[in-house]
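This report concerns only the one structure given below.
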Amino acid sequence: MTSAWLAFRTVQRYRARTALAAIGVAIIGALLFDMLLLSRGLVASFADLLDRSGYDIRVVNSEGVSVSRTPIPHASTVSAAIERLPEVASVARIRLEPATVAGGDGSDLDVTVIGSTRAGGRIAWTVVEGSDLPDGSASTEPCPVLVGRNLANALHLQPGATLQLRADVPGQQSALPPIPCRIAGIANSLFASANEFEVLTTMRGLREVRGGTDNDDADLVLVASAAAIDPAVTVRAIAALRPDLRVYSNDDVVDQFNRNGFAYFRQISVVLSSITVVFTFLLVATILTVSTNQRLGEIAALRALGIGRRRIAAMLLWESVLIVGLGGLAALPLGGLVAAGLDRILKQMPGVPSALHFFVFEPRALGLHALLLSATALVAALYPMWLTARLPIASTLRREVVG
Amino acid sequence: MTIATLRRTLLVLLISVLGAAATPIRAQPPGAQASPAPVLLSRQLAARAHVVVGDVVTLATDPTGAAGRSFRVVGIYEPTPDPMRFTAQRLEARLHLPDLIDLTADPRDAGSTDKVDSINVRLVNPMESDRFTAELRARMPGLDAGSTSRPRENDPFQVLDRFHLAISLVTVAGSTAFLLALMIIRAEERRETVGAMRLLGISRRSLLVEVAIEGLLVAAVGALFGALLAYGAESLVNRIFQSRYDTTLVFVRVTRSIALRSFLLAVPLGVAAGIAASWTLLRRTILSLVGR
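Protein chains in written order, with my numbering: chain A, 1 to 403; chain B, 404 to 695.
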């Protein structure tokens, strides 16, 4: 009889305790798995979002900090110069303006109006109803708009309807009149959050909303590198062309995000992963030790029958592997469910795009999960193994029988 | 309405200067200017720029230091911890508003000498903040006003609170399963003792009460130990995170209410696990308990 078979028989005999221990490992293992998914999830998801946007470089003004950055002046000239570079395939200018629309109950609803030189489909807006905005400056229509799904749902908007947009002018003591804009379509924006309302329009549309004033500013210039050109090469070319601007590749943005914005989640993931591993070790070790102490007579009898120390120790190791293995396997689907719930909670944070996920599956997380649980199973079995290895057969049998 | 504080940090100024690796704050020999205006520097900035109280420094909006002005450092301050910005380096300086305007105003824009980012208002009656903000918004379109005392909508810390609560519930569920497994092992261990006690005439009810009291004591001691462990780890965790982010922000605080909540959760769970595990034993017949 092999030690694995002996362990299997023991586990079968003590079904209730084995099942409960495996359930405990499954729940704690699920938390461990989730923390491993969290450890890189947000960064991986953010990088994926940036890559899906269709542009690999972002150009902003070097003046100001990220929260209050000054727009790029004379942006059309800047973008034209960048577009002429051989490393560049296409350029889009983006301008954001706060505005209000009349809500269903008559109150004002805050929206962000995004002016773009590109059609929605080219800046990661997916049209779900109606039609897209014209690309470039092809449109003669004064104010066509794509309405984000959140706003369309909140105000029951349909393509073809008119949206009255009124621009907010920060710091000014006057309110601009509302401008009627035709809703060309309803769209999902890749970067829209669940609690924000967004409207995409052309640069001309934005000018109309702002009361006809146009200062040719852009908050952001998006650049797509030409095929087979490394974004880092394009970054250097743009930086050489306009040293007064800040140029970031998607990798740079993700790197900054990883160092600053994501630090909290990375650290909580490390802390909780460590705690769950220690917790699993303590509990499996305790259960195995108590269980071994209870079966000392049985183990001494097995030894007396000629089963060697090594096989008994291996049996205990197998028991640990079975408990942790069963629990660890069950932890994967359970962890998936818990991760979905935790992801829903964290996505309620303001400003988090709906398409962004905090928990992202990566094969690396699965490998690490297996490795950590295997190590835990091994370490947890060490003390009971040592206990049985030095067990005196005769005195244990006499004590157990007489007792 | 009184203007209590007009605050504008020099983040734009300082970070752009520091980021450009130009001299952000240049210490000058004392006496370079007749009477430099006073400035307070954050501890982090003073350390980074190797500046001490009494030094005269140059602040400029331009990375090259052009059109800079001299200031005398009259104090180093610890920035108020801000959980929304705990990962940011607090490279900040505080000047008198006229000095700041003098430093940053655009001579081509007459209006730039009369601009502030925000105005803090202390109301005579704080209960009237809603009425006040509504009236202000109506009278001055384009201005945004809001109470500083009321929690904001979509507060990220409420979301984090819910996240931590969800994690705690998962942990409690896992611990309960382990506890139940341990109690079952323990109950099995005492099978013959329980059989003997039943033979002596002790009722199931008395044995269950005994198990419940034992569970209560074990759970209470466990919960107390857990609270003490958390209390002991509190300062260690805070020290690690405070050192990592160079802040005085408190990251972990074991309050009485948190300890009480853990206690109230752990004790009934411990008692229930003990009773559930023992019940599997007590429902058996006396003969099966003593192995007959």
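Positions of the beta carbon are idealized from the N, C-alpha and C atoms, including for glycine.
Which residues DSSP lists as bridging residue i, in chain order
i, result
"A:Ala99", "A:Val111, A:Ala167"
"A:Trp125", "A:Ser189"
"A:Glu198", "A:Thr112"
"A:Thr162", "A:Arg182"
"A:Arg93", "A:Val221"
"A:Val88", "A:Ser225"
"A:Pro144", "A:Arg182"
"A:Val59", "A:Val221, A:Val247"
"A:Ile72", "A:Ala218"
"A:Pro353", "A:Ser193"
"A:Gly24", "Answer by DSSP bridge pairing: none, since A:Gly24 is not bridged."
Chain A within 7 angstroms of residue i, Cβ atoms only
i, result
"B:Gly577", "yes"
"B:Leu631", "no"
"B:Ile479", "no"
"B:Ala435", "Unreliable positioning characterises B:Ala435 in this predicted model, as indicated by a pLDDT of 49, which lies under 50. The coordinate reading is nonetheless provided below. Taking Cβ atoms only, chain A never reaches closer than 7 angstroms to B:Ala435, which makes this a no."
"B:Arg488", "no"
"B:Val573", "yes"
"B:Met404", "With a pLDDT of only 34 at B:Met404, under 50, the local geometry of the prediction cannot be trusted, and the value read off the model is given with reservation. By this cut-off, B:Met404 is not an interface position."
"B:Pro427", "Model confidence at B:Pro427 stands at a pLDDT of 44, short of 50, so the residue's coordinates are unreliable; what they give is reported in the following sentence. Judged by the 7 angstroms Cβ criterion, B:Pro427 is not in contact with chain A."
Residues that residue i contacts on chain A, provided the C-beta gap is smaller than 9 angstroms
i, result
"B:Ile504", "Residues of chain A passing the Cβ test: none, with the nearest at roughly 15 angstroms."
"B:Glu592", "Val290, Asn293, Gln294"
Within chain A, the residues that residue i reaches when beta carbons sit closer than 7 angstroms
i, result
"B:Pro376", "The question about residue 376 of chain B has no answer, for chain B in this structure spans 404 to 695."
"B:Val653", "Residues of chain A passing the Cβ test: none, with the nearest at roughly 15 angstroms."
"B:Leu585", "Thr286, Ile287, Val290"
Any chain B beta carbon closer than 7 angstroms to residue i
i, result
"A:Leu342", "yes"
"A:Leu356", "no"
"A:Leu157", "no"
"A:Ile307", "no"
"A:Arg17", "yes"
"A:Gln173", "Residue placement at A:Gln173 is flagged as unreliable, the pLDDT there being 49, under the threshold of 50; a coordinate-derived value is accordingly withheld."
"A:Leu283", "yes"
"A:Leu387", "no"
Partners in chain A for residue i, counting only beta-carbon separations shorter than 8 angstroms
i, result
"B:Ala496", "Under the 8 angstroms cutoff, chain A gives no residues; its nearest Cβ is about 14 angstroms from B:Ala496."
"B:Ile570", "Leu31, Leu272, Leu342"
"B:Val344", "One cannot answer for residue 344 of chain B here, as it falls past the ends of chain B, which runs 404 to 695."
Chain-ordered neighbours of residue i on chain B, where CB pairs are closer than 7 angstroms
i, result
"A:Gly24", "Gly577, Ala580, Phe581, Ala584"
"A:Leu368", "The contacting residues do not exist; A:Leu368 stays about 19 angstroms from chain B at best."
"A:Leu346", "Val562, Phe566"
"A:Val338", "Val573"
"A:Ala263", "Thr490"
"A:Ile28", "Gly577"
Cross-chain neighbours of residue i in chain B, by beta carbon under 8 angstroms
i, result
"A:Gln12", "The contacting residues do not exist; A:Gln12 stays about 15 angstroms from chain B at best."
"A:Ile299", "Those do not exist, as A:Ile299 stays about 15 angstroms from chain B at its closest Cβ, beyond 8 angstroms."
"A:Leu20", "Ala580, Phe581, Leu583, Ala584, Ile587"
"A:Ile238", "Correct list: empty, because the minimum Cβ distance to chain B is about 18 angstroms."
Proximity test, residue i beta-carbon vs the ligand MG heavy atom, cut-off 6 angstroms
i, result
"A:Phe358", "Absence of the ligand MG is noted for the structure shown, with no ligands found whatsoever."
Whole beta strand (DSSP E) runs in the stretch 242 to 328 of chain A with 3 or more residues, listed along the chain?
-> Within the stretch 242 to 328 of chain A, the beta strand (DSSP E) runs of at least 3 residues that lie entirely inside it are, in chain order, 245 to 249.
Do the stretch 218 to 232 of chain A and the stretch 135 to 155 of chain A touch if we need at least three Cβ pairs shorter than 8 angstroms?
-> Remark: fewer than three beta-carbon pairs, one from each stretch, lie closer than 8 angstroms, so the stretch 218 to 232 of chain A and the stretch 135 to 155 of chain A are not flagged as touching.
Contained beta strand (DSSP E) runs [length at least 3] in the stretch 520 to 593 of chain B, N- to C-terminal order = Listed in chain order, nothing qualifies, since the stretch 520 to 593 of chain B has no complete beta strand (DSSP E) run of 3 or more residues.
Curious, which full-length alpha helix (DSSP H) runs of at least 4 residues does the stretch 427 to 497 of chain B contain?
-> Runs of alpha helix (DSSP H) with 4 or more residues, each lying fully within the stretch 427 to 497 of chain B, are found at 446 to 452, listed in chain order.
Count the CB pairs spanning the stretch 383 to 398 of chain A and the stretch 71 to 79 of chain A that are closer than 8 angstroms, and state whether there are at least three.
-> Contact check between the stretch 383 to 398 of chain A and the stretch 71 to 79 of chain A: fewer than three CB pairs, one atom from each, fall below 8 angstroms, which does not count as touching.
Could you say if the stretch 459 to 475 of chain B and the stretch 527 to 534 of chain B meet the contact criterion of at least three C-beta pairs nearer than 8 angstroms?
-> With the cut-off at 8 angstroms, the stretch 459 to 475 of chain B and the stretch 527 to 534 of chain B do not touch.
Check whether the stretch 513 to 525 of chain B touches the stretch 448 to 467 of chain B, counting contact only when three or more Cβ pairs, one atom from each stretch, lie closer than 8 angstroms.
-> They do not touch, by the three-pair rule.
Below 8 angstroms, can you find three or more Cβ-Cβ pairs linking the stretch 116 to 132 of chain A to the stretch 181 to 193 of chain A?
-> Yes, the stretch 116 to 132 of chain A is in contact with the stretch 181 to 193 of chain A.
The stretch 629 to 645 of chain B in contact with the stretch 671 to 681 of chain B per 3-pair CB rule at 8 angstroms = They do not touch, by the three-pair rule.
4-residue-minimum alpha helix (DSSP H) runs that sit fully inside the stretch 581 to 659 of chain B, ordered along the chain | Note on the stretch 581 to 659 of chain B: whole alpha helix (DSSP H) runs with a minimum of 4 residues are 594 to 602, 607 to 648, in chain order.
Count the CB pairs spanning the stretch 86 to 104 of chain A and the stretch 198 to 211 of chain A that are closer than 8 angstroms, and state whether there are at least three.
-> Yes, the stretch 86 to 104 of chain A touches the stretch 198 to 211 of chain A.
Looking at C-beta atoms only, is the number of pairs between the stretch 41 to 54 of chain A and the stretch 252 to 272 of chain A that lie closer than 8 angstroms three or more?
-> Segments in contact, yes.
Is it a yes or a no for the stretch 243 to 259 of chain A touching the stretch 9 to 22 of chain A, going by three-plus beta-carbon pairs under 8 angstroms?
-> Fewer than three Cβ pairs drawn from the stretch 243 to 259 of chain A and the stretch 9 to 22 of chain A lie within less than 8 angstroms of each other, which leaves the two stretches out of contact.
Is the number of C-beta pairs between the stretch 19 to 39 of chain A and the stretch 276 to 292 of chain A that are closer than 8 angstroms three or more?
-> By the criterion of at least three beta-carbon pairs nearer than 8 angstroms, the stretch 19 to 39 of chain A is in contact with the stretch 276 to 292 of chain A.
Specify whether the stretch 32 to 41 of chain A and the stretch 302 to 317 of chain A touch according to this definition: at least 3 beta carbon pairs, one from each stretch, less than 8 angstroms apart.
-> When C-beta atoms of the stretch 32 to 41 of chain A are compared with those of the stretch 302 to 317 of chain A, fewer than three pairs fall below 8 angstroms, so the two segments do not count as touching.
Does the stretch 649 to 658 of chain B touch the stretch 587 to 594 of chain B, meaning 3 or more C-beta pairs lie closer than 8 angstroms?
-> Touching, no, given that fewer than three Cβ pairs across the two stretches are closer than 8 angstroms.
Does the stretch 219 to 238 of chain A touch the stretch 601 to 618 of chain B, meaning 3 or more C-beta pairs lie closer than 8 angstroms?
-> Counting Cβ pairs under 8 angstroms, fewer than three are found: no touch.
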